[in-house]
Amino acid sequence: MSDDAVLHVKGRVLAGPEDVRDELWVVGGRISYDRPAGAGDVTTVEGWALPGLVDAHCHVGLGAEGPVDAATAEKQALTDREAGTLLIRDAGSPSDTRWVDDRDDLPKIIRAGRHIARTRRYIRNFAHEIEPDDLVAYVAREARRGDGWVKLVGDWIDRDLGDLAACWPRGAVEAAIAEAHRLGARVTAHCFAESSLRDLVEAGIDCVEHATGLTDDLIPLFAERGVAIVPTLVNIATFPRLAAGGERRYPRWSAHMRRLHERRYDTVRGAYDAGIPVYVGTDAGGSLAHGLVAAEVAELVTAGIPPVEALSATAWGARAWLGRPGLEEGAPADLVVYASDPRADVRTLAAPRRVVLNGRIVE
Numbered sequence: 586m587s588d589d590a591v592l593h594v595k596g597r598v599l600a601g602p603e604d605v606r607d608e609l610w611v612v613g614g615r616i617s618y619d620r621p622a623g624a625g626d627v628t629t630v631e632g633w634a635l636p637g638l639v640d641a642h643c644h645v646g647l648g649a650e651g652p653v654d655a656a657t658a659e660k661q662a663l664t665d666r667e668a669g670t671l672l673i674r675d676a677g678s679p680s681d682t683r684w685v686d687d688r689d690d691l692p693k694i695i696r697a698g699r700h701i702a703r704t705r706r707y708i709r710n711f712a713h714e715i716e717p718d719d720l721v722a723y724v725a726r727e728a729r730r731g732d733g734w735v736k737l738v739g740d741w742i743d744r745d746l747g748d749l750a751a752c753w754p755r756g757a758v759e760a761a762i763a764e765a766h767r768l769g770a771r772v773t774a775h776c777f778a779e780s781s782l783r784d785l786v787e788a789g790i791d792c793v794e795h796a797t798g799l800t801d802d803l804i805p806l807f808a809e810r811g812v813a814i815v816p817t818l819v820n821i822a823t824f825p826r827l828a829a830g831g832e833r834r835y836p837r838w839s840a841h842m843r844r845l846h847e848r849r850y851d852t853v854r855g856a857y858d859a860g861i862p863v864y865v866g867t868d869a870g871g872s873l874a875h876g877l878v879a880a881e882v883a884e885l886v887t888a889g890i891p892p893v894e895a896l897s898a899t900a901w902g903a904r905a906w907l908g909r910p911g912l913e914e915g916a917p918a919d920l921v922v923y924a925s926d927p928r929a930d931v932r933t934l935a936a937p938r939r940v941v942l943n944g945r946i947v948e
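With the first letter of the sequence shown counted as 1, position 19 gets the number 604 in my numbering; the numbers rise by one all the way through.
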């Protein structure tokens, strides 16, 4: 398509869960619901159109050993794009991926800076590893470097205890979250276990990643405070393998990980039923493959979330939560076209017919 070409998307345009339109036009990379006058070079795409999908927990620029080079990061982003993911909340990366912003053929990224972890309490080469006295300063640093988010590691295995344990004292997280909010950033945290959740939520955290430790007594607190969760169920599926690998050295931790895995669907459904916002995230990067957004939506449905709500968690609702437009008049034309209605079967997401990014067909 040339720069002055017009794209015509017709069939069914899902501007919202129940806002279904017959067509849209893309002019100058922007969405219009009015037919442009005198359109010459028009490319037509037919099918069911959704806003570009959101992966709200993804790590571009991160590999199993830590930061990766730009060529590898590009392949990660392209893999996500091929899956229909056009907006990523990068939930922690040691790599500088600002160069992606200059590429109109790669997904848009909302960065949370680099993970902030307790010393020797996270995966090597992933995070800033610090002690509580430095937490406020590092949160302020990452708040200024990121795109409105900061990522903490809320819990991890304590080798002396032999199990998952909270990483930060209550006072440290209260001060750190207050500082992030003062600087206009929201805060999220990696949390597998139960023990770190109450302190983080009562300290004002905005989101919790994984949230496998969410229990019946904590669910009302999350709902009251409006704290979102990003369950990353495709990542939680790896817990049995991780538990088996650590069984000999850390049997208590292994048993705990298995319990968290076994109740994962009940945890997510309980959160949803209580009104806790739930969003799609895959935890791609590190050791997990990119391009798994469709699988994560399907996992939310398996957990008992209605299909339309699971779609919203990667489309309309997720974009609103992150402050980015969907298929509104004048918005950047980031959309995915499918052969059939994804509301009827979310597995449709696994086979995009066309991917349109910044008004151009890229897949």
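Glycine included, every Cβ here is placed at the ideal spot set by N, Cα and C.
Model, not experiment: these values are computed from the prediction.
- According to DSSP, residue pairing for D748 in a beta bridge involves D743.
- Shown here for Y850: same chain residues with a beta carbon closer than 6 Å to its own, the five before and five after excluded, namely A888 in chain order.
- Here R904 is not near P692, since their CB atoms are 7 Å or more apart.
- For A590 and V611, the gap between their C-alpha atoms comes out near 9 Å.
- Between the alpha carbons of I616 and P917 lies a distance of about 6 Å.
- Taking a contact as a CB-CB distance under 8 Å, the pair L818 and E881 counts as one, their CB atoms being some 6 Å apart.
- Taken in chain order, the complete alpha helix (DSSP H) segments of 4 or more residues contained in the region 659 to 745 are 720 to 730.
- Around the beta carbon of G769, a 10 Å sphere encloses fewer than 16 other beta carbons of the protein chains shown; the residue is thus reported as exposed.
- The straight-line gap separating the alpha-carbon atoms of H795 and V627 is approximately 44 Å.
- Across the set G632, G908 and A725, the C-alpha of G632 shows the shortest separation from the C-alpha of V598.
- Nearest neighbour of V931 by Cα position, chosen from A757, I890, F777 and I804, turns out to be I890.
- Between the alpha carbons of K595 and L647 lies a distance of about 38 Å.
- Taking C-alpha positions only, D687 is separated from A822 by approximately 35 Å.
- L720 and P754 have their alpha carbons spaced roughly 11 Å apart.
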